[in-house]
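S.K.:
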Amino acid sequence: PLLKEKPLGRDFAEAHDLVGRARAAGCPLQTAIQRRRHDSYDFLYRYLMSHQLTVHEVHAHLHLGKGNPPGSQVTSTGGWRSNRQNSGGGILLDAGYHLIDLVMHLVGPFDVVSSTLISEGHLEIGQGIEERAWVLGRNEHAWIMIDTWLRGNPSDSGPSAYQKSEGICLQTSGGVLYANRSQVRLEQSVLCESDVAWKHAMQSQLYDFANNILAHHWEDLHFW
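Going from the sequence shown to the numbering used here is simple: count from 1 and add 542.
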């Protein structure tokens with residue numbers, strides 16, 4: 543059995559091919575999707591479901607706080623990540639995947655209206671490694687904006703540092719909800735506080751993986 547993190551492919555055809563190869567080889571496959579399993583985001587999901595809220599607008603961001611000092615023209619993090627043939631893409635495939643999965647988990651599938659990729663301060667047309675990406679989407683109920691960034695806003699700790707930041711804001715029929723890995727808020731009221739670390743989310747996924755192996759249960763559609 544295989545426990546696979548991140549995308550199964552860069553598009554549906556690649557993902558379908560990998561799943562088919564795993565099945566043909568008798569290797570059950572399970573994806574490890576961490577953000578949707580984190581305590582705070584799981585609380586947000588359950589809150590939306592239990593209160594039957596309609597989401598009208600979503601803003602999600604994930605800034606990694608990495609990269610070269612401001613003013614530097616070099617944006618690559620080096621190694622395999624700087625080679626598109628090996629990495630498959632830049633920040634949108636790397637960090638954006640997690641945000642897209644989280645948004646789909648909370649509000650369902652959506653259509654891409656537009657996307658903007660930036661590399662070294664210029665528009666990237668899909669041939670290089672983008673350092674920032676914005677995706678605008680729409681589904682039956684909501685407008686969706688996703689912002690992924692290798693760097694981030696300048697940090698107070700020095701001119702060469704960037705702020706690592708993530709969060710999701712939802713305008714709903716029951717008010718504005720905001721969540722990150724430390725808490726969930728409704729307007730200014732804190733609904734939930736959680737440990738920022740991934741330990742519990744990772745443990746729960748490994749627990750499920752072990753149970754699926756023991757029970758021979760592999761009907762998990764999360765990788766779609």
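The beta carbon of each residue, even a glycine, is placed where N, CA and C say it ideally should be.
Nothing here was measured: the structure is a model prediction, and the numbers come from that model.
Could you tell me which residues DSSP puts in a beta bridge with W685?
M.R.: Here residue 685 refers to the residue found at position 143 of the sequence shown. Answer by DSSP bridge pairing, in chain order: E599, R680.
S.K.: Suppose the cutoff is 8 Å on Cβ atoms and the five residues either side in sequence are ignored; what does the same chain contact list for N681 look like?
M.R.: In the sequence shown, the residue the question calls residue 681 occupies position 139. Correct list, in chain order: V649, G650, P651, F652, D653.
S.K.: Which first and last residues belong to the beta strand (DSSP E) in which G717 is found?
M.R.: As a first step, residue 717 must be located in the sequence shown, where it is residue number 175. Residues 717-721.
S.K.: Flag this pair as yes or no: are the beta carbons of E662 and R693 separated by less than 8 Å?
M.R.: Along the sequence shown, one-based indexing puts residue 662 at 120. Along the sequence shown, one-based indexing puts residue 693 at 151. Going by C-beta atoms, E662 is not nearer than 8 Å to R693.
S.K.: Okay, do the segment 736-751 and the segment 564-576 touch, 3+ Cβ pairs below 8 Å being the bar?
M.R.: Taking 8 Å as the limit for Cβ pairs, the verdict is that the segment 564-576 does touch the segment 736-751.
S.K.: If I measure Cβ to Cβ from L595 and keep anything under 7 Å in the same chain, skipping five residues before and after, which residues do I get?
M.R.: Along the sequence shown, read from residue 1 onward, the residue named residue 595 stands at position 53. Answer for L595: T714, S715, G716, listed in chain order.
S.K.: From the DSSP output, in three-state form, read off S632 for me.
M.R.: For the purposes of this step, residue 632 is taken as the residue at position 90 of the sequence shown. Per the sequence shown, residue 632 should be read as Gly rather than Ser. Coil, per DSSP.
S.K.: Using the Cα positions of A557 and P549, report the straight-line distance between them to the nearest angstrom.
M.R.: Here residue 557 refers to the residue found at position 15 of the sequence shown. Here residue 549 refers to the residue found at position 7 of the sequence shown. A557 and P549: Cα-Cα distance of roughly 8 Å.
S.K.: Taking DSSP as the reference, what is the three-state secondary structure of Q725?
M.R.: As a working note, residue 725 is residue 183 in the sequence shown. If DSSP states are grouped into helix, strand and coil, Q725 belongs with the strands.
S.K.: In angstroms, rounded to a whole number, what distance separates the CA positions of S840 and H605?
M.R.: The displayed coordinates of the chain run from 543 to 766. Any statement about residue 840 would go beyond what the structure contains.
S.K.: Does Q747 pass the burial test, meaning 16 or more other C-beta atoms within 10 Å, or should it be called exposed?
M.R.: The residue given as residue 747 occupies position 205 in the sequence shown. Looking at its Cβ environment, which holds 16 or more other Cβ atoms inside 10 Å, Q747 is buried.
S.K.: Do you know how far the Cα of Y583 is from the Cα of M591?
M.R.: As a position in the sequence shown, residue 591 is number 49, starting the count at 1. As a position in the sequence shown, residue 583 is number 41, starting the count at 1. Cα to Cα, M591 sits roughly 12 Å from Y583.
S.K.: Report the three-state DSSP secondary structure of V738 (helix, strand or coil).
M.R.: Position 196 of the sequence shown, counting from 1, holds the residue named residue 738. Coil.
S.K.: Can you say whether I667 is buried or exposed, counting buried as having 16 or more other CB atoms within 10 angstroms of its CB?
M.R.: Locating residue 667 in the sequence shown gives position 125, counting from the first residue. It is exposed - the Cβ of I667 has fewer than 16 other Cβ atoms within 10 Å.
S.K.: For L545, which residues does DSSP report across the bridge?
M.R.: Residue mapping note: residue 545 aligns to position 3 of the sequence shown, counting from 1. L545 pairs with Q572.
S.K.: Please state the DSSP three-state secondary structure of Q615.
M.R.: Counted from its first residue, the sequence shown places residue 615 at position 73. Bear in mind that the predicted position of Q615 carries a pLDDT of just 48, short of 50, making it too unreliable to give a figure here.
S.K.: Taking S629 and I671 to be in contact with their CB atoms under 8 Å, please state how far apart those CB atoms are, rounded to whole angstroms.
M.R.: The residue labelled residue 629 in the question sits at position 87 within the sequence shown. The residue labelled residue 671 in the question sits at position 129 within the sequence shown. That belief holds up - the Cβ atoms of S629 and I671 are roughly 7 Å apart, short of 8 Å.
S.K.: Identify whether G562 lies in helix, strand or coil by the three-state DSSP scheme.
M.R.: Taking the first residue of the sequence shown as 1, we reach residue 562 at position 20. G562: helix per DSSP, three-state reduction.
S.K.: For D581 versus D737, is the C-beta spacing smaller than 8 Å?
M.R.: Start at 1 with the first residue of the sequence shown, and residue 581 comes out as number 39. Start at 1 with the first residue of the sequence shown, and residue 737 comes out as number 195. Taking 8 Å as the Cβ cut-off, D581 and D737 qualify as a contacting pair.
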